[in-house]
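To convert a position in the sequence shown, counted from 1, into this note's numbering, add 6.
Down below is the structure, laid out as structure tokens.
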Amino acid sequence: MKKILFIRYDKIGDFTLSWPALSLLKKAMPEASIEVLVSPVTKAFALACPYVDHVIIDDGDDQGISERIKEREYDGAIVSLSEFRGYKFLKPANIPFVLAPKHNWYQYLYKHRADHQYKKGEGCWRGACMLVESFLAQNGYDIPEVTRPLWNVQQQKPKWQQYYHQKNDEKLIFAHPGTGGSSGGVPVDSFARMLIDIDKQTKLNCRFVLTYSGEEERLAQQMHDLLVASNIKVAMAKPLSSLAEFAESLVAADMFIAGSTGPLHLAGLHNVPTVGFYAGRRSAPEVRWQSLSADARRLAFTPPIGKKTGRNMALVNFDKAAAETAQFLNTFYADDISE
């Protein structure tokens, strides 16, 4: 196979979670052109992905999309986002091997189908990997392992450390107020107090960088003012021109703390240690929506499980979270601690 299409034209976060799957595809088929169909908002980020060779944009013109797919003469396609609409613009292309997930009635429109239901205890990013693994196995390719970092831009790290004004032996601890998805918002005062406690309890020289998007700037400014009042080294992150640029810049982070899964996933591309706040539910969103960092580089905290408590982030034990995060930093960066 010389040209493969991977279809994921919804949200940026869902495409981010596809990076492990795309990495498997590229490792198994290094000579093939790995191409993606994505939403317009995801275009720049998809172009930045080291495993993607060409991008098709879902501009809403289904006939035009279908024609562009047919023109590319794909040998295979993987339908990570399966909708009847997608089937309609794929069908005229007559791609020899199309693999779709076993999902909804239109799965039966495809000859080749595969399970994409990840196991209990696995992150949801495994679903796309399962599709790619099935695609590779059915076409006689060896299945590689997911390795980290998923985005190796270590050569750019000094540039971004300078951008975020790191000095000497400082560790850059990124924090993102606000929230996304099903979790309730983390109270700014509790979040700020946790960062203050981390600074007191860690043996490292920390500098906190507050990131935000849109209306979250107000929350970040509140947190900034609380930290400044406690004589904590902190700065508001300077805005960058694009999501792709922001995502690359997170290679400078020594830890990323957030109650929003989106930025946690971006930090996870670099295998940055992450601390996430998740809703307290029996479905274990802290596992399902875990960051892309390796298991040993992730901490997660939730309020008590329950309908009345699960979304109330004020009920998180922030004292415990601060202590465990500080201990993690002391252990993980032990070689950087001055005696």
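C-beta atoms are modelled at their ideal positions from N, C-alpha and C, and glycine is treated no differently.
Keep in mind that this is a model prediction, so the values were computed, not measured.
Cα-Cα separation between residue i and residue j, rounded to whole angstroms
i, j, result
"W295", "D68", "31 Å"
"P269", "H182", "8 Å"
"R132", "H122", "8 Å"
"S88", "K239", "47 Å"
"P309", "C130", "21 Å"
"F334", "V293", "19 Å"
"M261", "R224", "22 Å"
"Q160", "L272", "15 Å"
"V353", "N336", "Nothing about residue 353 can be read from this structure; the chain reaches only from 7 to 345."
"A106", "G127", "24 Å"
Where the beta strand (DSSP E) containing residue i begins and where it ends
i, result
"C135", "Careful: C135 lies outside any beta strand (DSSP E), inside the alpha helix (DSSP H) at 132-144."
"L43", "39-44"
"A258", "Per DSSP, A258 belongs to no beta strand (DSSP E) and is neither H nor E."
"P107", "103-107"
Pick from the options that is closest to residue i, judged by C-alpha positions
i, options, result
"T208", "F324, Q161, K177, P26", "K177"
"V85", "R14, W157, R288", "R14"
"P279", "I263, G268, A285", "I263"
"A226", "L246, I149, G184", "G184"
"F90", "K76, H109, D81", "H109"
"L233", "M200, Y218, S248, V104", "M200"
"Q172", "A258, Y218, Q144", "A258"
"P46", "K33, K17, S39, S24", "K17"
"L137", "S289, H118, E128", "H118"
Local conformation of residue i per DSSP, three classes
i, result
"L210", "coil"
"R304", "strand"
"S236", "coil"
"T217", "coil"
"I13", "strand"
"I71", "helix"
"L275", "coil"
"V61", "strand"
"L321", "helix"
"P183", "strand"
Terminal residues of the alpha helix (DSSP H) in which residue i lies
i, result
"R294", "291-294"
"K173", "Per DSSP, K173 belongs to no alpha helix (DSSP H) and is neither H nor E."
"G92", "90-96"
"G19", "18-22"
Given 8 Å, three or more beta-carbon pairs between the stretch 304-311 and the stretch 271-288: yes
Any 3 or more C-beta pairs closer than 8 Å across the stretch 149-165 and the stretch 23-41: yes
The stretch 162-172 contacting the stretch 49-58, beta-carbon criterion three pairs below 8 Å: no
The stretch 98-109 touching the stretch 61-80, judged by at least three CB pairs closer than 8 Å: yes
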